[in-house]
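Position one of the sequence shown corresponds to residue 659 (our numbering), numbered consecutively onward.
From the three backbone atoms N, C-alpha and C, an ideal C-beta is built for every residue, glycine too.
Here is the structure we will look at.
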Amino acid sequence: MSAERDRLQLLGAKAEEIVAGLPAWDGESPAVLVTVVDPVTRLRLGHRFVPAAAAPGARHLHVVREAS
Numbered sequence: 659m660s661a662e663r664d665r666l667q668l669l670g671a672k673a674e675e676i677v678a679g680l681p682a683w684d685g686e687s688p689a690v691l692v693t694v695v696d697p698v699t700r701l702r703l704g705h706r707f708v709p710a711a712a713a714p715g716a717r718h719l720h721v722v723r724e725a726s
């Protein structure tokens with residue numbers, strides 16, 4: 659169990675580093691939610707909204723509609 663906890667801590671630190679390096683979203687322009695997920699456990703390690711124009715190449719895009 660300790661090895662798995664250590665692995666997740668290392669992945670979490672790397673996810674924070676990746677997310678922190680993404681451009682900031684202004685809150686008004688179109689945005690993309692970038693999520694970092696552990697491929698083994700499927701746990702979300704980090705996320706951030708980024709401007710759609712500056713979004714890194716994404717493998718999966720999901721449309722999320724606003725609630726009316």
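- Between Gly670 and Leu691, the beta carbon gap of about 18 Å keeps them out of contact (Cβ cut-off 8 Å).
- Residue pairing of Val708 in beta bridges, as defined by DSSP: Val690.
- A distance of 7 Å or more separates the beta carbons of Ala712 and Pro688.
- Per the coordinates, the alpha-carbon of Pro681 lies some 6 Å from the alpha-carbon of Val708.
- Annotated as distal: Ile676 and Val695, with beta-carbon spacing of 7 Å or more.
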